[in-house]
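Everything below concerns the one structure shown next.
Quick look at the structure:
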């Protein structure tokens, strides 16, 4: 599976397409600055029909420089005969500008469709079949409907270990890979779903300060109030290409960059697009998706954090245990040593929810203070990674991590990374600007805090503008177990404008993100 | 389930959307003549991001007259702040023109997603849940990926009889219904896949001539060389609205119109769009799809033709028998009397493949001649319908149908229908123009014809231009069982231009649509 760093699978015409080469026609490009979330080209309606092409058909477009697959729209007015209108994604992929000649070719039925049906029918896919699906996915030959069908089939039918290993390798091969040339390489991953859980930004400097390599890639938020990449971006740049990333890690041993800019495991980014709207994360695809990202950076020792509990993605110990077993087994087959920590994910971690507020927590922890839960969890995970890598002996990881934190070595390492990523190394927690429009929510009765809901808190923070407004979000003023009195402040909402604040306050109506303990849960009569 | 004729389920905002009403903004419409096969609107990128809207998001668009759900593309150049570009389908749905004010509202997660996941998990859906999915489908709230996931789940998990009945009723409710006010109403349906199989155009006049009502709706071709609607269109109009259709049937007792123009069982048309690219026709959806169309015209007695054999959609008697049982049972629960005929579908029926060539066969049969297989099959099906409706007694249907044909009564009825549908009642078979550019394929050896392949013949006819070029297609000059000598003509390809003929000839390369009998099938050494 080893690939040269920077190499990417190229789209190629299959021999079948060549058969249809004679049914092609040539047009001159006109470029429209429209991004459509997919590759769209517009043809003249009459000319398209003459060529047996209809709305929503997929065609191969070819310029002297490049080729791609696009979906066609039709127009009888905006596009004249002999013209083809290219939306932004297509023009970019083809390297086309006004007037570039574009050949339009019929595309044959993708070979993958047969393999997707095979999976639907409950049969096992071979490495070759999985490779074909990933290749055609990358070539844009498969529609959203076909991909959704594939993911749904995997959800229902499951995947064998062989299939998951094949899928992981196949996904790795679709993207770039980091060739660091240094060892040992560590990594960590969290299944997600916990608001404010920014342990990565504490763990990376601890691990790097201990002398291990940790080329960490993180994601941006999809439905949460912030992803680690969004939060890190408050302090430094996060968009780097693979050679810039390598340079940073070779200098400082660690980095915290946005995975999306690197084109690692590219097929995974396309699969995620399908999985998100359906909230569909079949285990086999989840495993392949996470492990492909780790394999792509050359990770050898990996800690995986599986938060469980009320509102978490994984409900209970049993389910988490099964997933952990799979991670470890599949990881071993792919040459990666994995340890899984099952953590309490029922409540948010830290006080801030939203990029700037979370950043404040992280810097506070690195500076020796900060929310105790964030500090403790980060040291647990970092410690496990130090032990797994053989850096410290079994049972002494937590203390080692704690020492790197309290000695200020982790902070120093973090500043080094921030500086290498183009940020200001001297920023202190209170230098981080928080959105000025504030609304405080108070307790309406006395009691003890029983639960703080991750999803509701995230939604309120999003309604207030996070993660796009970096300074917006929610600041928790209480935690589970606290005794409170009527009138005590529970949390603050921060927004960059009065209208966004209003929007978040309205979103709050009918919700109780902070629950008090009750003896009588409901009365029925 | 009874609905007033012409009424259609209206899109309504769910209460949840109202919650988000305050997060809306207003733009002025600009209309682009682009058909995208879906509802697309383009927003100014900056303005959209400020409103937490991103590429591929679905939004509710509202004008003083109407509202719809659209998918958004973004532009920072073509679309200015305060503007929204509407593609053709959206502009039409909204009744919007240049400058129409359009309100843009966030859309909440569709309720259907939970129910689709329920089906994925193998649980049974209630009537309410199925209704919700069909309603949100009609409101354009579900993406292709979500729908594909639904269809895939049904394919894998199956559907109970209760679910199929609920789905059929639900689909009927999404469209218009014909209130004919006359009885008995007959109908027929063929599962398809057989080239040249234009029995409908013979059966309808026979049945109507016998005094029964047969308001027949037909489809256009999707992957074949012609649908019945395409073939009928050679002689007459086929696009009518529901009240025009009622008028024709009240006058002549029969019609042969294009179902697509009537908006019967509208949800089905949307589901078909998803099923086709995947070639995915799960039994429950197939049953509901067909029976909803029949229920929508008020059909009481229905003959269903299930062709089986090599290359047919259904492979064997056992599978066809099971499907037949389901048709009969579900039909009974929906108040429809159904008889299923399992027919030989391994070879084309008739000689012509393509609209005009098929039309020639039909007119020949109605005029007393024509291909014997088309004549025989049509009389079998029409006869069964006469018996099922109680018009003639058991066992005498075929003779009754044959008599209506040979007496010329069916031809007279057909001419009446053609005239009512705006065609020329006096056209004779040889008046129908056939495309002038012709290529004849000859036998390259002596032998007996063993098989003529439906799919290959259809593909060649399509390559030659059918169904868009009405006069294009394939004319078979032989049939299964014929003894032929080297140099005998097997079939002709007709096309409207030399280049289209060339294209079809090239498509033929490497294919043997007409197979001779061989003793040794292959030799391995």
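Chains as they are written, first to last, in the numbering used here: chain A, 3 to 527; chain B, 3 to 527. Glycine is no exception: its CB is placed at the ideal position from the N, C-alpha and C atoms. All of these numbers come straight from a predicted model, not from anything done at the bench.
- The beta carbon of residue 122(A) sits closer than 8 Å to some beta carbon of chain B.
- If you check the CB distance, residue 205(B) and residue 383(B) come in under 8 Å.
- Not a single C-beta of chain A is nearer than 8 Å to the C-beta of residue 259(B).
- Nearest C-alpha to residue 318(B) among 348(B), 271(B), 270(B), 306(B): 348(B).
- Across the set 175(B), 389(B), 105(B), 233(B), the C-alpha of 175(B) shows the shortest separation from the C-alpha of residue 135(B).
- Interface flag for residue 287(A) against chain B is unset, since no Cβ pair is found closer than 8 Å.
- According to the DSSP assignment, residue 242(A) belongs to no alpha helix (DSSP H), since it is labelled neither H nor E.
- Between residue 239(B) and residue 424(B), the gap from beta carbon to beta carbon is short of 8 Å.
- Residue 416(A) and residue 207(A) do touch by the CB rule: their CB atoms are close to 4 Å apart, below 8 Å.
- In this structure, residue 286(B) sits near residue 160(B), with a CB-CB distance shorter than 8 Å.
- Boundaries cannot be given for residue 162(B), as no alpha helix (DSSP H) includes it and DSSP labels it neither H nor E.
- Listed along chain B, the residues sitting closer than 7 Å to residue 44(A) by beta-carbon distance are 36.
- By the Cβ criterion, the segment 84 to 94 of chain B is in contact with the segment 39 to 49 of chain B, since at least three pairs of Cβ atoms, one from each stretch, lie closer than 8 Å.
- By DSSP's assignment, residue 493(B) forms a beta bridge with 443(B), 478(B).
- At a cut-off of 8 Å between C-beta atoms, residue 191(B) does not count as an interface residue with respect to chain A.
- Annotation for residue 456(A): the continuous alpha helix (DSSP H) segment containing it runs 456 to 465.
- In the assembly as shown, residue 55(A) is a buried residue. Its beta-carbon has 16 or more other beta-carbons within 10 Å.
- In this structure, DSSP gives residue 236(A) a state outside helix and strand, which the three-state scheme calls coil.
- For residue 481(B), the closest alpha carbon among the candidates 472(B), 491(B), 235(B), 441(B) is that of 491(B).
- Contact between residue 95(A) and residue 70(A) holds, since their C-beta atoms are separated by about 4 Å, short of 8 Å.
- Secondary structure of residue 412(B) (DSSP, three-state): helix.
- Identification of chain A residues near residue 27(B) by a Cβ-Cβ cut-off of 7 Å yields none; the smallest Cβ-Cβ distance measures about 11 Å.
- With a contact defined as Cβ atoms closer than 8 Å, residue 498(B) and residue 358(B) miss out at about 11 Å.
- Here residue 307(A) is buried, its C-beta having at least 16 other C-beta atoms within 10 Å.
- If you draw a straight line from the Cα of residue 327(B) to the Cα of residue 337(B), it comes to about 15 Å.
- In chain A, no part has a C-beta under 9 Å from the C-beta of residue 437(B); the shortest such distance is about 15 Å.
- Neighbours of residue 78(B) across chain A, judged by C-beta separation under 8 Å: 35.
- By the Cβ-count criterion, residue 501(A) is exposed, with fewer than 16 other Cβ atoms from all chains shown falling within 10 Å of its own Cβ.
- Taking C-beta separations shorter than 6 Å and ignoring five residues to either side along the sequence, the partners of residue 330(B) in its chain run 340, following chain order.
- With its beta carbon less than 8 Å from one in chain B, residue 154(A) belongs to the interface.
- Taking CB atoms only, residue 273(A) has no neighbour in chain B less than 8 Å away.
- Of all residues in the segment 139 to 154 of chain B, the ones placed with a Cβ closer than 9 Å to any Cβ belonging to chain A are 145, 146, 147, 148, 149, 150, 151, 152, 153, 154, in chain order.
- The Cβ-Cβ distance between residue 148(A) and residue 145(B) does not fall below 8 Å.
- Contact between residue 154(A) and residue 155(B) holds, since their C-beta atoms are separated by about 6 Å, short of 8 Å.
- Where residue 46(B) is concerned, the enclosing beta strand (DSSP E) starts and stops at 42 to 46.
- Between the segment 126 to 134 of chain B and the segment 164 to 171 of chain B there are three or more C-beta pairs closer than 8 Å, enough to call the two in contact.
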